[in-house]
Structure formats: structure tokens, C-alpha cells
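Enquirer:
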């Protein structure tokens, strides 16, 4: 059975795995993210040699990834933007290389083996320090004219004042959760993480409880909007928040509150947490690679 070297390139860590063509993860590790393009190419090259034989290298990358292998936009890894990453990697590893945006890879994992495997039209929302996502139309990824299909975080939820804090990312990301709590406590937001706020809420800290409740409300508000923009069969939710066992229950509760306040718009979104959570990007990168291979056959 063919195996693939899957790489998930993040701002802090680079995860990698050996994954079979059937989606079985045989090995999974992580290391510090490379600090330069040369470091990235050499690190992936050494991994491909160490884990040989693999059929191809598949990569989940931040930014808007073109078919040619250029990463547009911006990310926590500035060196990615500009050079043709795909060509550089292929020259080093002497294997096919397939690259896709990280949120798109996460959606692909759900389409392949996860919550979205039985639907044709699905939206995936990835919630972290910002909000991204992906659009699946008739089983196919929709990238958009500017490779921005699924950039739901730019959606405006509150237009009373201009600025980032009125976008969905500015209101419903974990960064927004931390900022809201720190402001209530009159503390520095750099002293907290999203995990800290949820833990404090579980311990009944009042400011944390209020921040978490507002977080879930804004998550639900954005999801409600997406339902009426696209009318998908399912909206899947990923990112670190998907590890919360009460995620779907809490978002559904807020959806009920929103819908009860509206005279129209009574189609409630069907939602589910990502099945593969921290493995989604790795699995989805392999699925993307397999789709690209099928195009060549």
C-alpha cells in the first residue's frame, strides 16, 4: 500500500506523519517550524529520506496556495510568501509534491473520512487566533476567484464602528475571547490563553463565564449567517475549540436564542465538530494529493 509524507506547517510547530492511501496514520511527530525557506526545504528533504519509501510529499500550508505552489497573502511564516515552494521541494525530494491551504486541508479530512463524508455541500469553520474555513460544493472544494473562498473571518458582524473588532475573527476567535476577558479583569491579554479562559469559566470565574458565553454567541451568529449565505447540509467546526466536549451543545443553545428572536429565518444550521481535530490538516493534505494524482491518470 502506498504511503505519503504529510506535512502540516504551522506558525510554531511543523507536524508530519506517514499516512497510507486509505487514511491510516502510521507515524506522527512534530518539530519546531523551520525558520527560513532553506530550512524548510532541507527539513522536508531529510524527512523524505528518513521515511523512504513514500509516494509523494503532501503539505498543508497557511496562506492562499496557488496550483503552481506559490503561497500568496500573509501568515506567521513570512518566508513562505514569494518563492515557488512546490518547485523547491520537488527539486530537493525528487518526488511529487502537493500543497494546499491548511483550512482547505482540514475540510478535505472531513470530506474524506469525517463528519462530511455523507454530504455534498458543506462549510468548514476553523476557529483559532483568527477564523478561516472552506467551502465544499457538490463534493468539490471552492477556492474562489482570489483564493479567498472560505475566509469567513472577514465577515462583518457589527458595523457600528469600523475596525477589525467588528469582523467575525475580531469577535469570535480565541484571541477575541482572551481580549474580552482581560479587559473585564483589567489585565494584560498576553498573560492568558484561550485554554485559561475556559478553565476559569469551568471554575465559575464570573468574568470568564461571561466571556465564554459571549464567545459562543458570536460563533453561533456567524454560523447562522453562513447558513443563509450558502444553505449547506452541514457546517463543521474545527480548530482548538473542537476539543471542547460541550462545543456543539453550547453553539446550538446560542443558535436557539438567536432564532427565537427572529420572526423569519427558521432553518437551523446542522453543525458538527471536526472528527480528526489535530490530525485534520495532515489527513486532508493526503486527500488533496490523492485528488491531484487522479487528475493525472
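In this note's numbering, the protein residues as written are 8 to 304.
Positions of the beta carbon are idealized from the N, C-alpha and C atoms, including for glycine.
1) In angstroms, rounded to a whole number, what distance separates the CA positions of residue 164 and residue 174?
2) Please report the straight-line C-alpha distance between residue 74 and residue 92, rounded to a whole angstrom.
3) DSSP three-state label for residue 4, please.
4) Within 10 angstroms of the Cβ of residue 124, are there 16 or more other Cβ atoms? Answer buried if so, exposed if not.
5) List the endpoints of the continuous beta strand (DSSP E) containing residue 20.
6) Helix, strand or coil for residue 129? Go by DSSP, reduced to three states.
7) Roughly how many whole angstroms lie between the Cα atoms of residue 28 and residue 298?
8) What are the start and end residues of each continuous beta strand (DSSP E) run of 3 or more residues lying completely inside the segment 236 to 295, in chain order?
9) Could you check which residue in 264, 42, 188, 292 has the C-alpha nearest to that of residue 106?
10) Starting from residue 91, follow its DSSP beta bridges and name the residues at the other end.
11) From the DSSP output, which residues share a beta bridge with residue 149?
12) Excluding sequence positions up to five away, which residues of its chain have a Cβ less than 7 Å from the Cβ of residue 206?
13) Does DSSP put residue 117 in a helix, a strand or coil?
14) Which whole-angstrom value is the C-beta distance of residue 43 and residue 86, which I expect to be below 8 Å?
15) Please work out which residues of its chain come closer than 6 Å, Cβ to Cβ, to residue 72, disregarding the five sequence neighbours upstream and downstream, and give them in chain order.
16) Return the residue from the list 252, 223, 31 that minimises the CA-CA distance to residue 187.
17) Taking the straight line between their C-alpha atoms, what separation do you get for residue 110 and residue 267?
18) If you draw a straight line from the alpha carbon of residue 200 to that of residue 184, how long is it in whole angstroms?
19) Nearest to residue 180 by alpha carbon, out of 191, 195, 159, 194?
Expert: With the structure as the only source:
1) Within the chain shown, the letter at position 157 stands for residue 164. Within the chain shown, the letter at position 167 stands for residue 174. In a straight line, the C-alpha of residue 164 is about 6 Å away from that of residue 174.
2) Within the chain shown, the letter at position 67 stands for residue 74. Within the chain shown, the letter at position 85 stands for residue 92. Cα to Cα, the separation comes out at about 11 Å.
3) Lying outside 8 to 304, the shown extent of the chain, residue 4 is not represented and no answer is given.
4) Within the chain shown, residue 124 is the residue found at index 117, counting from 1. In the assembly as shown, residue 124 is an exposed residue. Its beta-carbon has fewer than 16 other beta-carbons within 10 Å.
5) Translated into positions along the chain shown, residue 20 becomes position 13. Here the beta strand (DSSP E) through residue 20 covers 20 to 27.
6) On the chain shown, position 122 is the one that residue 129 refers to. In the structure shown, residue 129 sits in a strand (DSSP, three-state: E or B).
7) For the purposes of this step, residue 28 is taken as the residue at position 21 of the chain shown. For the purposes of this step, residue 298 is taken as the residue at position 291 of the chain shown. Looking at the two C-alpha atoms, the distance is approximately 11 Å.
8) 241 to 245, 278 to 280
9) Walking along the chain shown from the start, residue 106 turns up at place 99. With distances taken between Cα atoms, residue 106 lies closest to 292.
10) Your numbering for residue 91 matches position 84 in the chain shown. In DSSP, residue 91 forms a bridge with 77.
11) Working through the chain shown from its first residue, we reach residue 149 at position 142. Paired residue(s): 142.
12) Taking the chain shown and counting its residues from 1, one reaches residue 206 at position 199. So no residue of the chain qualifies.
13) Position 110 of the chain shown, counted from the start, is the residue given in the question as residue 117. DSSP places residue 117 in helix when its eight states are reduced to three.
14) Against the chain shown, residue 43 aligns to sequence position 36. Against the chain shown, residue 86 aligns to sequence position 79. Contact flag correct, Cβ pair sits at about 5 Å.
15) Translated into positions along the chain shown, residue 72 becomes position 65. Excluding residues within five positions, the ones whose Cβ falls inside 6 Å are 78, 106, 107, 108.
16) Stepping through the chain shown from its first residue, residue 187 is reached at position 180. Comparing Cα positions, the closest option is 223.
17) Residue numbering aside, residue 110 sits at position 103 when the chain shown is read from its first letter. Residue numbering aside, residue 267 sits at position 260 when the chain shown is read from its first letter. Going by C-alpha positions, residue 110 is about 32 Å away from residue 267.
18) By 1-based counting over the chain shown, the position of residue 200 is 193. By 1-based counting over the chain shown, the position of residue 184 is 177. Those two C-alpha atoms are separated by around 9 Å.
19) To locate residue 180, count along the chain shown from 1; it is residue 173. Checking every option, the nearest Cα to that of residue 180 belongs to 159.
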